[in-house]
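Taken in order, the sequence shown gives residues 16 to 429; the numbers are from this note's numbering.
Quick reminder that beta carbons are idealized off the backbone N, C-alpha and C, glycines included.
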Amino acid sequence: MLNGIFALVLALVANLQAEPAAERIYGRVLTAGGDRLEGYLRWDRNETHWADFLDGQKEIPWANIREAEALDEELRRRGERERSISLLGLRISWDEDDGEPRTASAAVRFGHVRSLEVVDDGRARLVLLSGEEVELRGGSTDVGRSFRGLTVEDAERGEVELRWRDLDRVDFMAAPPGAPPPRAARLYGTLRTTGGVELTGYVAWDMDETLTSDVLDGEHDGRDLDIGFGSVAAIEREGRDASRVTLATGEELILTGTNDVDSDNRGIEISDPALGRAVVTWDEFESLVFHAPESAPATRADFDGGAPLVGTVESRNGERHTGRIRWDNDEEHTWEVLDGRSDGVDYDIELGLVRRIERAGSSAARVELLDGRSLLLEGSSDVNDENQGIFVRGESGRTVLVPWRDLEWVTFGP
Numbered sequence: 016m017l018n019g020i021f022a023l024v025l026a027l028v029a030n031l032q033a034e035p036a037a038e039r040i041y042g043r044v045l046t047a048g049g050d051r052l053e054g055y056l057r058w059d060r061n062e063t064h065w066a067d068f069l070d071g072q073k074e075i076p077w078a079n080i081r082e083a084e085a086l087d088e089e090l091r092r093r094g095e096r097e098r099s100i101s102l103l104g105l106r107i108s109w110d111e112d113d114g115e116p117r118t119a120s121a122a123v124r125f126g127h128v129r130s131l132e133v134v135d136d137g138r139a140r141l142v143l144l145s146g147e148e149v150e151l152r153g154g155s156t157d158v159g160r161s162f163r164g165l166t167v168e169d170a171e172r173g174e175v176e177l178r179w180r181d182l183d184r185v186d187f188m189a190a191p192p193g194a195p196p197p198r199a200a201r202l203y204g205t206l207r208t209t210g211g212v213e214l215t216g217y218v219a220w221d222m223d224e225t226l227t228s229d230v231l232d233g234e235h236d237g238r239d240l241d242i243g244f245g246s247v248a249a250i251e252r253e254g255r256d257a258s259r260v261t262l263a264t265g266e267e268l269i270l271t272g273t274n275d276v277d278s279d280n281r282g283i284e285i286s287d288p289a290l291g292r293a294v295v296t297w298d299e300f301e302s303l304v305f306h307a308p309e310s311a312p313a314t315r316a317d318f319d320g321g322a323p324l325v326g327t328v329e330s331r332n333g334e335r336h337t338g339r340i341r342w343d344n345d346e347e348h349t350w351e352v353l354d355g356r357s358d359g360v361d362y363d364i365e366l367g368l369v370r371r372i373e374r375a376g377s378s379a380a381r382v383e384l385l386d387g388r389s390l391l392l393e394g395s396s397d398v399n400d401e402n403q404g405i406f407v408r409g410e411s412g413r414t415v416l417v418p419w420r421d422l423e424w425v426t427f428g429p
């Protein structure tokens, strides 16, 4: 299946040199013991690039919750939060009252973050380039006790491994002029799913291996092999429990026996600077071809810390409201993400890259990106009738609540 493009692949693999310093996460680390380290950072094993996401949970501000309750009560008094059906001539009605969540998942690209300060064993305080402060807590392995470690490529000490309890503060910055090049390049390629979806971007294989120096391991003809990803041209799934691995030399191997190459694989993440990220499960994965980036990768200079979401919302009755937008009562900045599932792929889309969202019934939404791509998303409260509503605050300071069932579309931008 992949033979037709191997000539191109091998040429591209040969050109996978250590990437420019500007593309890699770089920072100064102050440890809990008072040590200072500086260099390229590898966060939680699989985040190494400015376009990668830092994940966690955030609390929804009480001001948002109180405002939502007040606006919801206003709609209820007007009869706009009641549903009804007719059954055997009887009208049955009920109120929409699913309760307000107090926390929400959150993700922000490392490029937007100025600093991270450890609050305790489960929380971190972020300061973004915009000056906004965000507190994240566990909910992923990026924050707290489940953290899988931070590797610092310190010029004097070499690679230093740190745990969550070792950290006090991390200041993120572009690599200074004259900094040595990173020791490995970020994996990049094009993935194809069994449903025919193609995704191109930075790769985190098995949600873990992200650099050319990382190792793909498996068993071939009774031998255990550890293959550097820098030597891998392509990987193709062979059923549930094996993979066909093509090396840069053209040699093909059938590997089995580890979660790198069988159904225990935790998923393949594709980080796309113009979208966000996509995660493909093993059952949906078909093939991955590694190659050099097709466009200039994201650098620190491409991020600004985000800004308030603004746009115009139209309801199904034709009313339009323009102003600052709070989506699902928790996303209100361009650095935040819209999540959902499309054609078997899980997406986290940075809202600053979204042009338009159009409701597609009770359980889906059509999302159009700034680069013209369009996705029909479902499977998340961001894009179905579990959505807590779209809040629009106009120039007058008055906030309007548009419930999901009343939404027609929203267009982002001034």
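Among R292, L165, L392, A316, nearest to E53 - alpha-carbon criterion:
Taking the sequence shown and counting its residues from 1, the one referred to as residue 53 is at position 38. Ranking R292, L165, L392, A316 by Cα distance to E53 puts L165 first.
Using the three-state DSSP reduction, which class does G306 fall into: helix, strand or coil?
Residue mapping note: residue 306 aligns to position 291 of the sequence shown, counting from 1. Looking at the sequence itself, residue 306 is His, so the reference to Gly does not match. DSSP places H306 in coil when its eight states are reduced to three.
How is the beta strand (DSSP E) around F68 delimited, first residue to last?
As a position in the sequence shown, residue 68 is number 53, starting the count at 1. Taken as a continuous stretch (DSSP letters only), the beta strand (DSSP E) holding F68 covers 68 to 74.
So, helix, strand or coil for V415, using DSSP?
On the sequence shown, residue 415 is found 400 positions in, with the first residue counted as 1. In the structure shown, V415 sits in a strand (DSSP, three-state: E or B).
Could you check the C-alpha separation between I372 and P196 for me, to the nearest Å?
Your numbering for residue 372 matches position 357 in the sequence shown. Your numbering for residue 196 matches position 181 in the sequence shown. Each residue's Cα considered, the two are about 41 Å apart.
Going straight from the alpha carbon of G159 to that of G265, what length do you get?
Here residue 159 refers to the residue found at position 144 when the sequence shown is read from its first residue. Here residue 265 refers to the residue found at position 250 when the sequence shown is read from its first residue. Looking at the two C-alpha atoms, the distance is approximately 43 Å.
From the DSSP output, in three-state form, read off E88 for me.
In the sequence shown, the residue the question calls residue 88 occupies position 73. In this structure, E88 counts as helix in the three-state DSSP scheme.
Can you tell me where the beta strand (DSSP E) holding S228 begins and where it ends?
Here residue 228 refers to the residue found at position 213 when the sequence shown is read from its first residue. Premise fails: S228 is in no beta strand (DSSP E) and is neither H nor E.
Rounded to a whole number of angstroms, what is the C-alpha to C-alpha distance between R96 and L86?
The residue given as residue 96 occupies position 81 in the sequence shown. The residue given as residue 86 occupies position 71 in the sequence shown. With a pLDDT of 47 at R96, under the threshold of 50, the predicted position of this residue should be treated as unreliable, though the coordinate-derived value follows. In a straight line, the C-alpha of R96 is about 10 Å away from that of L86.
G245 versus V304, L45, V128, G210, residue with shortest Cα-Cα distance:
Against the sequence shown, residue 245 aligns to sequence position 230. Considering only alpha carbons, the answer is V304.
Between which two residues does the beta strand (DSSP E) carrying I40 extend?
On the sequence shown, position 25 is the one that residue 40 refers to. Looking at the DSSP string, I40 is not in any beta strand (DSSP E), and its letter there is neither H nor E.
Count the other CB atoms, across all protein chains shown, that sit within 10 Å of the CB of P191; report buried if there are 16 or more and exposed otherwise.
On the sequence shown, residue 191 is found 176 positions in, with the first residue counted as 1. So P191 counts as exposed.
With C-beta atoms as the reference, is I340 less than 9 Å away from V352?
Stepping through the sequence shown from its first residue, residue 340 is reached at position 325. Stepping through the sequence shown from its first residue, residue 352 is reached at position 337. No; because the gap between Cβ atoms is not below 9 Å, this pair is not in contact.
Go through its chain and collect everything with a Cβ distance to L366's Cβ below 8 Å, but skip five positions before and after it.
Looking up residue 366 in the sequence shown gives position 351. L324, W342, E346, H348, T349, W350, E351, V352, L353, F427.
Sorted by chain position, which residues of the same chain lie with C-beta nearer than 8 Å to A47's C-beta, five sequence neighbours on each side aside?
Taking the sequence shown and counting its residues from 1, the one referred to as residue 47 is at position 32. The answer, listed in chain order, is V133, R180, D181, L182, D183.
Beta strand (DSSP E) segment containing V167, residue limits
The sequence position of residue 167 within the sequence shown is 152, counting from 1. Note, V167: beta strand (DSSP E), 165 to 169.
Identity of the residue in G338, S378, G387, G355 nearest R413 by Cα:
Here residue 413 is taken as the residue at index 398 of the sequence shown, counted from 1. For the residues G338, S378, G387, G355, the minimum Cα distance to R413 belongs to G338.
Whole-Å CB distance - E299 paired with T209, under 8 Å assumed:
Position 284 of the sequence shown holds residue 299. Position 194 of the sequence shown holds residue 209. That pair is a contact at about 6 Å.
If we count the other Cβ atoms within 10 Å of its Cβ and call it buried at 16 or more, is P429 buried or exposed?
Position 414 of the sequence shown, counted from the start, is the residue given in the question as residue 429. Looking at its Cβ environment, which holds fewer than 16 other Cβ atoms inside 10 Å, P429 is exposed.
So what does DSSP say about D181, is it helix, strand or coil?
On the sequence shown, position 166 is the one that residue 181 refers to. Three-state result, D181: helix.
Look at the alpha carbon of T118 and the alpha carbon of R152, and state the distance between them as a whole number of angstroms.
On the sequence shown, position 103 is the one that residue 118 refers to. On the sequence shown, position 137 is the one that residue 152 refers to. In a straight line, the C-alpha of T118 is about 10 Å away from that of R152.
Following the continuous beta strand (DSSP E) through L392, name the residue where it begins and the one where it ends.
Position 377 of the sequence shown, counted from the first residue, corresponds to residue 392. Segment 389 to 393, the beta strand (DSSP E) holding L392.
Rounded C-alpha distance that separates I80 from E88:
For the purposes of this step, residue 80 is taken as the residue at position 65 of the sequence shown. For the purposes of this step, residue 88 is taken as the residue at position 73 of the sequence shown. Taking the straight line from one Cα to the other gives about 12 Å.
Identity of the residues DSSP links to W342 by a beta bridge
Residue 342 sits at position 327 when you count from the first residue of the sequence shown. Beta-bridge pairing links W342 to E346, I405.
By the three-class DSSP mapping on this structure, what secondary structure does E147 have?
As a first step, residue 147 must be located in the sequence shown, where it is residue number 132. Coil at E147, not helix or strand.
For I285, list the residues DSSP reports as bridge partners.
For the purposes of this step, residue 285 is taken as the residue at position 270 of the sequence shown. Per DSSP, V218, A293.
H235 vs L268 beta-carbon contact at 9 Å:
Residue mapping note: residue 235 aligns to position 220 of the sequence shown, counting from 1. Residue mapping note: residue 268 aligns to position 253 of the sequence shown, counting from 1. Contact: yes.
For P76, count the other beta carbons within 10 Å of its own beta carbon; 16 or more makes it buried, fewer makes it exposed. Which is it?
For the purposes of this step, residue 76 is identified with residue 61 of the sequence shown, where counting begins at 1. By the neighbour-count rule (16 or more Cβ atoms within 10 Å), P76 is not buried but exposed.
Quick check on R315: does DSSP put it in helix, strand or coil?
Along the sequence shown, read from residue 1 onward, the residue named residue 315 stands at position 300. Helix at R315.
Return the first residue and the last residue of the beta strand (DSSP E) that V360 is part of.
Locating residue 360 in the sequence shown gives position 345, counting from the first residue. Segment 360 to 365, the beta strand (DSSP E) holding V360.
Skipping 5 residues on each side, what residues in its chain have a beta carbon closer than 6 Å to that of L131?
Taking the sequence shown and counting its residues from 1, one reaches residue 131 at position 116. If we look at L131 and ignore the five residues flanking it on each side, its Cβ neighbours are A139, L141, V185.
Residues in its own chain within less than 6 Å of D232 by CB, not counting five upstream and five downstream?
One-based indexing of the sequence shown puts residue 232 at position 217. Once the five neighbours on either side are set aside, the close Cβ partners of D232 are D241, T273, D275.
If we call anything under 9 Å between Cβ atoms a contact, is G291 one with Y362?
Here the question's residue 291 lines up with position 276 in the sequence shown. Here the question's residue 362 lines up with position 347 in the sequence shown. Yes, they are a contact pair.
Taking the Cβ atom as the reference point for each residue, do V369 and L384 lie within a distance shorter than 9 Å?
Indexing the sequence shown from 1 puts residue 369 at position 354. Indexing the sequence shown from 1 puts residue 384 at position 369. Cβ distance < 9 Å, so V369 and L384 count as in contact.
Name the two residues that bound the continuous beta strand (DSSP E) containing T208.
Along the sequence shown, read from residue 1 onward, the residue named residue 208 stands at position 193. That run of the beta strand (DSSP E) goes 203 to 208.
DSSP three-state assignment for W77, whether helix, strand or coil
The residue given as residue 77 occupies position 62 in the sequence shown. In the structure shown, W77 sits in a helix (DSSP, three-state: H, G or I).
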